[in-house]
Amino acid sequence: MKLSKSFALAAAALGLAGAVPAMAAEVNVYTSREPDLIKPVFEAFTKATGVKVNAVFLQNGLEERVRAEGQNSPADVIVLVDAARLVNAADMGITQNVSSPTLTANVPAQLRDPNGAWFATTLRSRVVYASKERVKQDAITYEELADPKWKGRVCIRSGQHPYNVSLIAAMVTRHGAEKTAEWLKGVKANLAKKPSGGDREVAKDILAGVCDIGVGNTYYVGLLRNDPDAGQRAWGEAVKVLDSSFAGGGAHVNISGAAVAKYAPHKAEAVQFIEFMTSDAAQKLVADVNYEYPVRASVPDGNTEKLFGPIKPDSLSLADIARNRKTASELVDRVGFDN
Amino acid sequence: MSLALIALGGDASTLEHVARNVLPDAMAQTAMLLAGVAVLVSVVGVGTAWLVTAYRFPGRGALAMALILPLAMPAYIVAYVYVEILEPLGPVQGGLRALFGWRSRADYWFPEIRSLPGAVLVLGFVLYPYVYMTARALFSVQSANLIEVARTLGARPWELFRAVALPLARPALALGLSLALLETLNDIGASEYLGVRTLTVSIYTTWVNRNSLEGAAQIACVMLAVVAVILWLERRARGARGFTASVKRPRQATPLALSGGAGFAAALACALPVVVGFAIPAALLVREAVSRTLRKGVPAEFWHALGLTLAYAAAATCLVLVLGAVVAAAVRMVRGRKVAALARVASLGYAMPGTVLAVGLLTPLATVDNALANAIRAMTGVSPGLILTGSGAAVVVAYTVRFLGIAAGGIESGMSRISTHMDDAARTLGRRPGEILRLIHLPLARPALASAALLVFVDAMKELPATLLLRPLNADTLATAVYAQAARGVFEDGALAALAIVLAGLAPVLLMLRLSAPGGQRGPAEPAEAFALEDPSGLAPR
Numbered sequence: 001m002k003l004s005k006s007f008a009l010a011a012a013a014l015g016l017a018g019a020v021p022a023m024a025a026e027v028n029v030y031t032s033r034e035p036d037l038i039k040p041v042f043e044a045f046t047k048a049t050g051v052k053v054n055a056v057f058l059q060n061g062l063e064e065r066v067r068a069e070g071q072n073s074p075a076d077v078i079v080l081v082d083a084a085r086l087v088n089a090a091d092m093g094i095t096q097n098v099s100s101p102t103l104t105a106n107v108p109a110q111l112r113d114p115n116g117a118w119f120a121t122t123l124r125s126r127v128v129y130a131s132k133e134r135v136k137q138d139a140i141t142y143e144e145l146a147d148p149k150w151k152g153r154v155c156i157r158s159g160q161h162p163y164n165v166s167l168i169a170a171m172v173t174r175h176g177a178e179k180t181a182e183w184l185k186g187v188k189a190n191l192a193k194k195p196s197g198g199d200r201e202v203a204k205d206i207l208a209g210v211c212d213i214g215v216g217n218t219y220y221v222g223l224l225r226n227d228p229d230a231g232q233r234a235w236g237e238a239v240k241v242l243d244s245s246f247a248g249g250g251a252h253v254n255i256s257g258a259a260v261a262k263y264a265p266h267k268a269e270a271v272q273f274i275e276f277m278t279s280d281a282a283q284k285l286v287a288d289v290n291y292e293y294p295v296r297a298s299v300p301d302g303n304t305e306k307l308f309g310p311i312k313p314d315s316l317s318l319a320d321i322a323r324n325r326k327t328a329s330e331l332v333d334r335v336g337f338d339n
Numbered sequence: 340m341s342l343a344l345i346a347l348g349g350d351a352s353t354l355e356h357v358a359r360n361v362l363p364d365a366m367a368q369t370a371m372l373l374a375g376v377a378v379l380v381s382v383v384g385v386g387t388a389w390l391v392t393a394y395r396f397p398g399r400g401a402l403a404m405a406l407i408l409p410l411a412m413p414a415y416i417v418a419y420v421y422v423e424i425l426e427p428l429g430p431v432q433g434g435l436r437a438l439f440g441w442r443s444r445a446d447y448w449f450p451e452i453r454s455l456p457g458a459v460l461v462l463g464f465v466l467y468p469y470v471y472m473t474a475r476a477l478f479s480v481q482s483a484n485l486i487e488v489a490r491t492l493g494a495r496p497w498e499l500f501r502a503v504a505l506p507l508a509r510p511a512l513a514l515g516l517s518l519a520l521l522e523t524l525n526d527i528g529a530s531e532y533l534g535v536r537t538l539t540v541s542i543y544t545t546w547v548n549r550n551s552l553e554g555a556a557q558i559a560c561v562m563l564a565v566v567a568v569i570l571w572l573e574r575r576a577r578g579a580r581g582f583t584a585s586v587k588r589p590r591q592a593t594p595l596a597l598s599g600g601a602g603f604a605a606a607l608a609c610a611l612p613v614v615v616g617f618a619i620p621a622a623l624l625v626r627e628a629v630s631r632t633l634r635k636g637v638p639a640e641f642w643h644a645l646g647l648t649l650a651y652a653a654a655a656t657c658l659v660l661v662l663g664a665v666v667a668a669a670v671r672m673v674r675g676r677k678v679a680a681l682a683r684v685a686s687l688g689y690a691m692p693g694t695v696l697a698v699g700l701l702t703p704l705a706t707v708d709n710a711l712a713n714a715i716r717a718m719t720g721v722s723p724g725l726i727l728t729g730s731g732a733a734v735v736v737a738y739t740v741r742f743l744g745i746a747a748g749g750i751e752s753g754m755s756r757i758s759t760h761m762d763d764a765a766r767t768l769g770r771r772p773g774e775i776l777r778l779i780h781l782p783l784a785r786p787a788l789a790s791a792a793l794l795v796f797v798d799a800m801k802e803l804p805a806t807l808l809l810r811p812l813n814a815d816t817l818a819t820a821v822y823a824q825a826a827r828g829v830f831e832d833g834a835l836a837a838l839a840i841v842l843a844g845l846a847p848v849l850l851m852l853r854l855s856a857p858g859g860q861r862g863p864a865e866p867a868e869a870f871a872l873e874d875p876s877g878l879a880p881r
C-alpha cells in the first residue's frame, strides 16, 4: 500500500514530462558508450536522415533494464562496448536478428554475429605503453609482461576491469587457464604498484617514473597527445605505444557494437541507424574523435593510424574470447591480482 | 525490497569461488576501511561539534556552518580531485621535485593516495558531517542545567565532555556514525578508483564480468550481514541510553570563551576538515570549470541536467519526509515489536549498495510499469509506453526506498527527545494519534525533520547508481553527467556539473542551518513552550 502510494505521488509529482511519446521518425538508443564519444554520430545521423535520436547512457545494467522492460521497452538500438557484452545480450534474448545487405557489406564477418544479432561499429586495440626514455624496444608480446626483466616496472589498472578481463580471456583462449594463471602471477610479481586508476593514470605513472611500461587502450595516448592542455600533450609525447601482440599472433582487439532491441518500436529506423554507424562518414568521425579504428577496411584510418600505425588484430574469434571471460575474471580473483 | 534481494539469491555454483577467493580479502579490506572511517569521522565529527557548541573562539559562527559543507561533496569527486593533486605528476609532487631537484618518482618517498589509507582519508573527510550534524544537534539541546551543574561541581572541560556531554549525545552519535559507515560501505566510485577492493566493489565486478547476479547477490547478502551488525550496534548504542531531556525548549549552556592560543588552535582544528573535505576540492573544481567554460561556454545540456536533478531530488525529499514521519510516528505510538521490525526493513534501502538496490528495483518497477501500460492499452487501444521508467518516477521511487532510512532514523531520534509524557497527556485529553503527530510531534521535531530533509535532498542530488540505471531517455542529472565524463577518464570536463552539485547542495545546507538553529542562538531568554510538562529530573527514562 505504501509503495503504491509512493508510485502515485511520484507519478503525479513528475507528470509525464520525460515520457517519450511513440512517434515516427525517431530512434531510441540505449548506450553504454560515453555520450560525448557517440554524440557526434547521433548529430550526423539526424542531419543525414531527419530521424531524431533519443539516447540514454546506461553503463552496467543496460541489458537487465531492457530485459525487465520487456515488450513495452522503448529501446530500439543497444550500443555496447566489449564483444562479450554483445554476445551476452544476444544470449539473453534482448536483441533481434537483422538481415541487412548494407551491414553485411560494411562489417567484416569476424566482427559481427553470424545470425545478425549484433554488429561491430568500432575497433580498439589493447597495447603496451612504454617510456620513450627508459625503454629501448619498440615491440613486445603480452606473454613477455610476465618476464622477470620487467620486475617492479609494470603498471596496469584493475584486473577486473572489462578491458583487462577481455585481454586475460584471450590469453586463456590461447594458452588455457593454468598457463594463464601462471602468467597472471608473473605479471603481478612485476607490478610497480597495486592495480588502480584507469588507463590514463597508467600513462601518467609511466611519465612520472613510477613504472616503465603499462597496459592500456591506444586511444588514451591519442587523446593525451591531442589534448588542448600543453602539459597533457607533453605527457602523451613522452609515452610510446609498443607494437604489441600475442607470441605468434596479433594485437588484442576489442569492439564496440550495436544491436537492434528485440521489441524495438522503431525497427526500420534502428536498422537505418546501425547502417549509418558503419558508413564511411560515421566511421571516419569515430576514428577522428576518439582514435579508434574503423571496422571497414576501406575507410582511411586518419588520425588513429597516423599515430599508431595500422591495426593488426589477432586471429582469435571475439566470440571465443567472450566465452572465457568468466574464467578470466575468476583467475584474477584466484591469483589475487588486485590485492 | 528485501524480496527483490531474495529473488536475486540462490544458485550455489559460484558460491565456492566467492567464498574462497573473493570474500576473505574483500571482508578484510572492508573491515579496515570501515574501522578507519569510523575513527576518523567520530574524532572529527564529535570533536568539532563539541568545540563549536561548548566554546567561543574566533570564527566559531562561520566554522559551525562551514563544517557541514563537505556533505555537499560526492566522495567520488573528492577522490578524483585528490588523485589529481597528489599523483606523481600533480602539483604537490611536482613542486617537491622542483624544490629538491629530484628527477623521477624513484628518487623519493611519497604517500600513495590510491590506497586504503587514502580511501579512509577521502571518505572520512567527506562523511564526518553526518556525525558532526547529529552530535551538534544533540549537544546544542542538552540541558544547560546539566552542563552548568557539572561546571559548578568543578568538572574540568575534558571530564565534562566525557562524563556528561558524550553519554547524552550517544543516540545521535550512533545515528551519525552508522550513516557514515553505511555510506562508506555503499561507496563504489571512490573505493574502486583508489584501488580498494571492498565488498561493494566485489559485488560489482562479479556481476559485471561474470554476468553473475547470483554471485553478486551472495556477496550482497554477506554485506547485508555487515549492515545488520552496524544497525544493531546503532540500536544498542541508542537504546541502552534512552533519555528524553526536559520538554521545555532547553536553554543552551553558555559557551566558554577561549582566548589567544587556545582559541586559535580550536579555530584551526575546525577549519582543517572544511579545507580538506571542501575547500581544496571546490577550488580545483572552480578552476577547471572556469577554464572550460571560458573555452567552450556553458553547454545547453547543463541547464537541463540541473533542472532535472533538482526536480528528482525535491520530489524524493517530499515523499521521504512523509513516509519517514509516518514510520517514526508508528514506531513511537504503537511500540510493538512488529512495527519496530518493519521500520528496520524500511531503513534497509539505505544500507544496500545503490547498484544492487537499483537492479533489485528494476524487476518490480518494470512489472508494475508493464501492467500499467498493458492495462491502458487494453482500455484505450493506444500504447502509452512505460510510464514509470519513462517519466523519471522510477528514479524518485528508487531515491525514496534508498533514503527512507536516513529520514526515518533522524526523525525518530528527533522524536525520541520529545517526552512521552506529552503523548500520554494528549491522549488523556482525547487527542487521536494523527492529531498528536500534527500538533505535538511535528512542530517539536522540526529541527530533526529539517535535517532529515537536507540529508535526503543532498544525497539524492549526488545519487549515481540508481539514477544511472533507471532514468528515462534524454534525461541526465548532474551526477550522471559527471560520471559520463569520468568514465572517459576526463572527469575535469565534468567539473562544471560537479560544481553545480556542490553549489546546489549548499542552498539546503544554509536553509537547514536556519531552521535548526538551536534556541541558544536566537536569544537567551526564550520562554518555555506552552505545553511544557517539566520532568523534574530532566532525564526521564523512556
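Sequence order for the protein chains is P and H.
Note that this note's numbering gives residue 327 to position 327 of the first sequence, counting from 1, and the numbers run on in steps of one.
Numbers given in this note's numbering equal positions in the second sequence, counted from 1, plus 339.
The beta carbon of each residue, even a glycine, is placed where N, CA and C say it ideally should be.
Since this is a predicted model, take the numbers as computed values, not measurements.
When the options are compared against residue i, the one with the closest alpha-carbon
i                        : options                                  : result
glutamine 432 of chain H : P/Ala287, P/Asp205 and P/Pro40           : P/Asp205
proline 620 of chain H   : H/Glu751, H/Val465 and H/Pro510          : H/Val465
glycine 93 of chain P    : P/Tyr263, P/Leu191 and P/Leu184          : P/Tyr263
leucine 318 of chain P   : P/Val165, P/Lys136, P/Arg153 and P/Lys47 : P/Val165
aspartate 76 of chain P  : P/Gly236, P/Asn88 and P/Glu63            : P/Glu63
alanine 90 of chain P    : P/Val286, P/Ala261, P/Ser279 and P/Glu43 : P/Ala261
leucine 781 of chain H   : H/Arg631, H/Phe796 and H/Asp762          : H/Asp762
alanine 25 of chain P    : P/Lys39, P/Val51, P/Pro40 and P/His161   : P/Val51
valine 41 of chain P     : P/Ala322, P/Tyr291 and P/Phe276          : P/Phe276
Contacts around residue i, its chain only, beta-carbon distance under 8 Å, and the 5 residues preceding and following it disregarded
i                        : result
valine 613 of chain H    : Leu402, Ala405, Leu406, Leu408 and Pro409
glutamate 640 of chain H : Asp815 and Ala820
glycine 186 of chain P   : Leu145, Ala146, Asp147 and Pro148
glutamate 498 of chain H : Ala489
leucine 647 of chain H   : Gly731, Ala814, Asp815 and Thr816
Rounded distance between the beta-carbons of residue j and residue i, thought under 8 Å
i                       : j                        : result
alanine 321 of chain H  : threonine 656 of chain H : There is simply no residue 321 of chain H to check, as chain H begins at 340 and stops at 881 in what is shown.
alanine 393 of chain H  : proline 594 of chain H   : 6 Å
tyrosine 467 of chain H : leucine 379 of chain H   : 7 Å
leucine 455 of chain H  : glutamine 368 of chain H : 7 Å
CB contact below 9 Å: residue i versus chain P
i                         : result
glycine 636 of chain H    : no
valine 829 of chain H     : yes
aspartate 815 of chain H  : yes
alanine 358 of chain H    : no
aspartate 798 of chain H  : no
threonine 694 of chain H  : yes
glutamate 426 of chain H  : yes
threonine 728 of chain H  : yes
asparagine 484 of chain H : no
glycine 802 of chain H    : For clarity, residue 802 of chain H is glutamate in the given sequence; the question names glycine instead. No, glutamate 802 of chain H lies away from the interface with chain P (no Cβ there is under 9 Å from its Cβ).
Below-9 Å beta-carbon distance, residue i vs any chain H residue
i                         : result
aspartate 36 of chain P   : yes
asparagine 254 of chain P : no
aspartate 280 of chain P  : no
glycine 381 of chain P    : The shown model of chain P, from 1 to 339, leaves out residue 381 of chain P, and the question about it has no answer.
alanine 22 of chain P     : Because alanine 22 of chain P carries a pLDDT of 43, less than 50, the predicted location of this residue cannot be relied on, and the following value inherits that uncertainty. Output row for alanine 22 of chain P: interface = yes.
proline 74 of chain P     : yes
arginine 233 of chain P   : no
glycine 61 of chain P     : yes
glycine 336 of chain P    : yes
Close Cβ partners of residue i (< 7 Å) along its chain, the five nearest in sequence each way excluded
i                      : result
arginine 33 of chain P : Val79, Val81 and Ser256
Cut-off 6 Å between Cβ atoms - residues of its own chain near residue i, not counting five sequence neighbours on either side
i                      : result
alanine 652 of chain H : Phe796, Ala799 and Met800
Quick one: which residues of the segment 510–537 of chain H get their C-beta closer than 9 Å to a C-beta of chain P? List them in chain order. Identification of residues in the segment 510–537 of chain H having a C-beta nearer than 9 Å to some C-beta of chain P yields Glu531, Tyr532, Leu533, Gly534, Val535 and Arg536, given in sequence order.
Along the segment 184–213 of chain P, what residues have a CB closer than 8 Å to any CB found in chain H? Going along the segment 184–213 of chain P in chain order, one finds Lys193, Lys194, Pro195, Ser196, Gly197, Gly198, Asp199, Arg200, Glu201, Lys204, Asp205, Leu207, Ala208, Gly209 and Val210 with a Cβ nearer than 8 Å to chain H.
Residues of the segment 46–58 of chain P with a CB closer than 8 Å to any CB of chain H: list them in chain order, please. Contact residues of the segment 46–58 of chain P toward chain H are Asn54, Ala55, Val56, Phe57 and Leu58 (C-beta to C-beta distance below 8 Å).
Taking a Cβ distance cut-off of 8 Å, strictly less, list which residues of the segment 111–139 of chain P are near chain H, in chain order. Under the 8 Å Cβ criterion, the segment 111–139 of chain P contributes no residue.
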